[in-house]
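Residue numbers (our numbering), protein chains in the order written: chain A, -7 to 358; chain B, 9 to 198.
Glycine included, every Cβ here is placed at the ideal spot set by N, Cα and C.
Computed from a prediction, not measured in an experiment: that's the story for all the values here.
Inspection log for the structure reproduced underneath, given as C-alpha cells.
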Amino acid sequence: MSKYKIREEAAHFVTRLHSGEITGREEAELNAWRQRSEAHESEFQAMLATWDLTAQLYQEPERAVTPKKRLVKTSTWFVGAIAASILAVVVVPLALDFFNTPPGNPKLVGTTPESPPSTPEVIRDVVTFDDFRISEHEYSDVDRAEIFTSAVGEVRHIKLADGSTISLNTDTTLTVEVRANQRLVTLTKGEAFFDVAHDENRPFVIDTGDQIIRVLGTQFNVRKRDDEAILQVAVVQGRVSIARNKERTTETQQTEPKDNLLAAGDIGAFGPESELISQNDVAEVNTTQSWRHGVFRFENESLEQVVRELNRYRNRKIHIVGAEANALRISGVFHLKNGENILLALESSLPVRIVRESEYVFIHQQ
Amino acid sequence: MLKATLHRKQASHKLIERLLAEHDIAIRRFVRIKLGTNQDCDDVMQEVYVRLSQIDDLPQRLADRLDTARSYLIQIANNLLIDRARRAQVRCANMHRGEYETATSLHAPERILSGKRKLQQIDKALAKLKPEKRQAFLLHRVEGLSYREIGDQLSVSVSTVEKYISAALLAIRKTVATTSSNSQGFSKHE
C-alpha cells in the first residue's frame, strides 16, 4: 500500500474520531487497520499529532487565515435553553376542538400570506423569502386565551411572560392560556415546539385532543398530522408524561388510561388504538425539530417522502408525475427559505424535470 | 444573589450529569482510541467532569446547539488529553534532563518560536486549499462547530463536511511532514 494511501486513510480515521460519532464497528476497523503494519500505526499517530497541533489555532484565533463567518443565531429567545425536547403527535382532524376548548375571549393573532401581521404583538419579521418566513411575537396577557396561527410556509416564535417559548411550524393553530394555577395550550392542528420554563406551582399542560401532555420544565415538539391519526412526541430534554384524554376515552376501552413517560431522546407515537415508543434515538429527536431554524435534513429518503414534507411549507404544491419517481432516493440539507433552490437541487441531482405551472409544480421522471 | 448562584450551579450540575450519561460511551471510545489503552479512561472522564463544572455559562454555551453537545464534549476531552500529554512530556524531560537532546526543545522561547513557524506552515497549507475545505476545517477547529452545524451552514451533507476536513488535515500533515526535521513534536512519530 502506498504511503499516500495510508496517509489518506489515516486522515479519514482521525477526522471520524474527532466527530465523536465513530461507531464500535469503525473502532474495530481502525484497530485492525493500525495493526496491518508499523507504517500504518505510525502514520495514525502522526496524523493525531497533526490534528492536535492545530489546537493552537484556538489559542491564537487572530491567526486564522480566512475571515471568520459567525453562525447566525436564528433567535435570541433560545439563549438559556439547554437542549430541546421533541414531541410529535399525529391525530385525526379535530376541527371541533378548535371551538370547544379555548375559554375566555379568544383573539386571532395569526396571519395569512395575503395579510401581513400588524398587531402590536409582532416584534419583527425575521425572514421573508419565497414561501418561508420566520416571525416572533410576545404573549403577556394572563387569564386571557389567545389563538395563534401560522400560515403555510411560516414559522412563528411566541414568547410567554414566564420565559417559556412556543414555536409554531407551518400551518399550525394553537391556543395559549396562562392562569394562576396552570398554563394550558390547546393544539388544534399542526406542529409546535415548546421550551417550558420550570414552575412547580403552574404545570404546563398541552391538550392535543386525544392526548394530554404534562410537563414541569422542559422542551418538546408536538406534531399533529392530518394524513395519519398519529401523535408523535420527541423529547430532547427533561421528561414529559402523555396520557389519553379521559373525556375522549370510549366505553370499549375497559382499562384505566395509563400515563406514558418519555425522557430525553425518546420518541413516542400515539395512535387511537396503539402506542409505540422508541427510546434513545437522540439523532432522530434532533432532526425532528430542525424546522425551528428553517433547516431540512434528509438522509436517503424517498422523493415521495421529501415532497410530502416540503409541501407542508408551500402554497404552490409539488406533484410527482409517475410512480417510479416516487421511489427515487435523496440525501441533503435544505434551507426552507430557498424554496426555488430546493427544486433546482432536485432537478440537478435526480433524473427528473421540473415543470412550473400557475397553481402546481410538477416533477416528471426523465 | 447567593441563592441564584446556587440555583444556577445546581442546574449546571444536573446538565453535566445528563450530558455525561448520554455521551459516556462515545467519550470513552474517543479517549480509548486516542490513548491506545483503556487504562486511564476513568481518570479522563473524571477530569472532563471537573472541567465542565468549571464552566459557569455551560447551559448558555450549549443553548440551542442540540447537535453539538457531543462534539463539544469531545473537544473538551481532547484538550484534556493534549494537556496530559504535555505534562507527561515535561515530567519525562525533567527526569532525563541532559540525557536527551529533546529536553532543549521544551525550553519556552524555542518552543514558542517553533510553534509560530508551524502555524505559518499550517496557514500556508490551508491557503492552498479550496475555500470550502478551508472553511469547514476552520469552522470546526477554530469556531468549535460540530460537523453537522458546518453542514447546515455550508448546505452540504455531514459526510461531505468530513471529506473537506479530512482533505484539509491531509494537506497540513503533508506540510508538517516535509518540515518535521526541525520540529521535535513530530520527529518521534516519523
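Contact check, I33 (chain B) vs V56 (chain B), beta carbons under 8 Å: Here the question's residue 33 (chain B) lines up with position 25 in the second sequence. Here the question's residue 56 (chain B) lines up with position 48 in the second sequence. No.
Limits of the unbroken beta strand (DSSP E) element including Q27 (chain A): Looking up residue 27 (chain A) in the first sequence gives position 35. It is not in any beta strand (DSSP E) - Q27 (chain A) carries neither H nor E in the DSSP assignment.
Residue closest to L335 (chain A), alpha-carbon to alpha-carbon, out of A:S233, A:I312 and A:S34: One-based indexing of the first sequence puts residue 335 (chain A) at position 343. Residue A:I312 is the option with its Cα nearest to L335 (chain A).
With 16 other Cβ atoms within 10 Å as the buried cut-off, status of K17 (chain B): Numbered from 1 along the second sequence, position 9 holds the residue referred to as residue 17 (chain B). That one is exposed.
Any chain A beta carbon closer than 8 Å to D160 (chain B): If you number the second sequence from 1, residue 160 (chain B) lands on position 152. By this cut-off, D160 (chain B) is an interface position.
Cβ-based burial, G314 (chain A) [other Cβ within 10 Å; buried from 16]: Within the first sequence, the letter at position 322 stands for residue 314 (chain A). Under the 10 Å beta carbon count, G314 (chain A) is surrounded by fewer than 16 other beta carbons and is classified as exposed.
Rounded straight-line distance, which links the Cα of F36 (chain A) to that of L43 (chain B): The residue given as residue 43 (chain B) occupies position 35 in the second sequence. The residue given as residue 36 (chain A) occupies position 44 in the first sequence. C-alpha separation (whole angstroms): 12 Å.
Partners in chain B for H327 (chain A), counting only beta-carbon separations shorter than 7 Å: Counting from one through the first sequence, the residue named residue 327 (chain A) turns up at place 335. Within 7 Å Cβ-Cβ: S163.
Proximal residues, the stretch 23 to 38 of chain B versus chain A, C-beta separation under 8 Å: L23, R26, E30, H31, A34, I35, R37 and F38
First through last residue of the alpha helix (DSSP H) which encompasses S61 (chain B): Within the second sequence, numbered from 1, the residue matching residue 61 (chain B) stands at position 53. Unbroken alpha helix (DSSP H) run through S61 (chain B): C49 to S61.
Per DSSP, cross-strand counterpart(s) of V232 (chain A): For this step, residue 232 (chain A) is matched to residue 240 along the first sequence. In the DSSP output, where bridge partners are listed per residue, V232 (chain A) has A:L254.
Pair within 8 Å by beta-carbon distance, F145 (chain B) and L127 (chain B): As a working note, residue 145 (chain B) is residue 137 in the second sequence. As a working note, residue 127 (chain B) is residue 119 in the second sequence. The answer is no: Cβ separation not under 8 Å.
Supposed contact pair E169 (chain A) and K216 (chain A) - C-beta distance, whole angstroms, cut 8 Å: Start at 1 with the first residue of the first sequence, and residue 216 (chain A) comes out as number 224. Start at 1 with the first residue of the first sequence, and residue 169 (chain A) comes out as number 177. Not confirmed; about 18 Å, so no contact.
Amino acids of chain B, ordered along the chain, whose beta-carbon sits closer than 7 Å to that of G324 (chain A): Locating residue 324 (chain A) in the first sequence gives position 332, where the first residue counts as 1. Under the 7 Å cutoff, chain B gives S165.
Contact list for E296 (chain A) against chain B, beta-carbon separation under 7 Å: For the purposes of this step, residue 296 (chain A) is taken as the residue at position 304 of the first sequence. By Cβ distance, chain B contributes nothing, its closest Cβ being about 20 Å from E296 (chain A), past 7 Å.
Buried versus exposed, by CB contacts within 10 Å (16 or more), A319 (chain A): On the first sequence, residue 319 (chain A) is found 327 positions in, with the first residue counted as 1. By the 10 Å Cβ count, A319 (chain A) comes out exposed.
Interface flag, V214 (chain A) vs chain B, CB-CB below 8 Å: Locating residue 214 (chain A) in the first sequence gives position 222, counting from the first residue. No, because no Cβ of chain B sits closer than 8 Å to the Cβ of V214 (chain A).
CB contact flag (K132 (chain B), Y172 (chain B), <8 Å): What you label residue 132 (chain B) is simply residue 124 of the second sequence in a count that begins at 1. What you label residue 172 (chain B) is simply residue 164 of the second sequence in a count that begins at 1. Their beta carbons are not under 8 Å apart, which means K132 (chain B) does not touch Y172 (chain B) by this criterion.
C-beta contact flag for A137 (chain A) and T164 (chain A) at 8 Å: Against the first sequence, residue 137 (chain A) aligns to sequence position 145. Against the first sequence, residue 164 (chain A) aligns to sequence position 172. No; because the gap between Cβ atoms is not below 8 Å, this pair is not in contact.
Buried/exposed call for K138 (chain B), threshold 16 Cβ in 10 Å: Your numbering for residue 138 (chain B) matches position 130 in the second sequence. Exposed is the call here.
Minimum C-alpha distance to A172 (chain A) - residue among A:H190, A:R194 and A:R28: Here residue 172 (chain A) refers to the residue found at position 180 when the first sequence is read from its first residue. For A172 (chain A), the nearest C-alpha among the options comes from A:R194.
Chain B contact for L160 (chain A) (CB, 8 Å cutoff): As a first step, residue 160 (chain A) must be located in the first sequence, where it is residue number 168. Not one chain B Cβ lies under 8 Å of L160 (chain A).
Residue burial classification, G16 (chain A) (beta-carbon count within 10 angstroms, cutoff 16): The residue you call residue 16 (chain A) lines up with position 24 of the first sequence. G16 (chain A) is exposed by the Cβ-count criterion.
Validate contact between the stretch 166 to 185 of chain B and the stretch 88 to 95 of chain B using beta carbons, cut 8 Å, 3 pairs: no
Simplified DSSP assignment, three categories, for I310 (chain A): On the first sequence, position 318 is the one that residue 310 (chain A) refers to. In the structure shown, I310 (chain A) sits in a strand (DSSP, three-state: E or B).
Own chain partners of Y352 (chain A) with C-beta closer than 7 Å, once the 5 adjacent residues on each side are dropped: Position 360 of the first sequence holds residue 352 (chain A). Hits under 7 Å: R308, K309 and H311.
Chain-ordered residues of the stretch 251 to 262 of chain A with a beta carbon less than 9 Å from chain B: A256 and G257
Given S233 (chain A) as reference, the closest of A:V227, A:D251 and A:Q224 once Cα atoms are compared: Taking the first residue of the first sequence as 1, we reach residue 233 (chain A) at position 241. In this structure, A:D251 is the residue among A:V227, A:D251 and A:Q224 with its C-alpha nearest to the C-alpha of S233 (chain A).
Where L9 (chain A) meets chain B, residues with beta-carbon distance less than 8 Å: In the first sequence, counting from the first residue as 1, residue 9 (chain A) sits at position 17. What L9 (chain A) touches in chain B: F38, I41 and K42.
Opening and closing residue of the beta strand (DSSP E) in which H285 (chain A) lies: Translated into the one-based positions of the first sequence, residue 285 (chain A) becomes position 293. Where H285 (chain A) is concerned, there is no enclosing beta strand (DSSP E), given that its DSSP letter is neither H nor E.
Per DSSP, cross-strand counterpart(s) of M14 (chain A): Position 22 of the first sequence, counting from 1, holds the residue named residue 14 (chain A). In the sequence as presented, Met is not what sits at residue 14 (chain A); that position holds Ile. DSSP lists no partner for I14 (chain A).
Y(-4) (chain A), buried or exposed, once every other Cβ within 10 Å from all chains shown has been counted against 16: Taking the first sequence and counting its residues from 1, the one referred to as residue -4 (chain A) is at position 4. It counts as exposed.
CB contact check: V6 (chain A) to chain B, cutoff 8 Å: Here residue 6 (chain A) refers to the residue found at position 14 of the first sequence. At least one chain B Cβ lies under 8 Å of V6 (chain A).
Three-state secondary structure assigned by DSSP to R215 (chain A): Here residue 215 (chain A) corresponds to residue number 223 of the first sequence, with the count starting at 1. The answer is strand: DSSP assigns R215 (chain A) an E or B state.
Span separating the alpha-carbon of E130 (chain A) from that of S159 (chain A): Working through the first sequence from its first residue, we reach residue 130 (chain A) at position 138. Working through the first sequence from its first residue, we reach residue 159 (chain A) at position 167. So the alpha carbons of these two residues sit roughly 11 Å apart.
Residue from A:D199, A:D202 and A:Q174 whose Cα sits closest to the Cα of D191 (chain A): As a position in the first sequence, residue 191 (chain A) is number 199, starting the count at 1. Closest option to D191 (chain A), Cα to Cα, is A:Q174.
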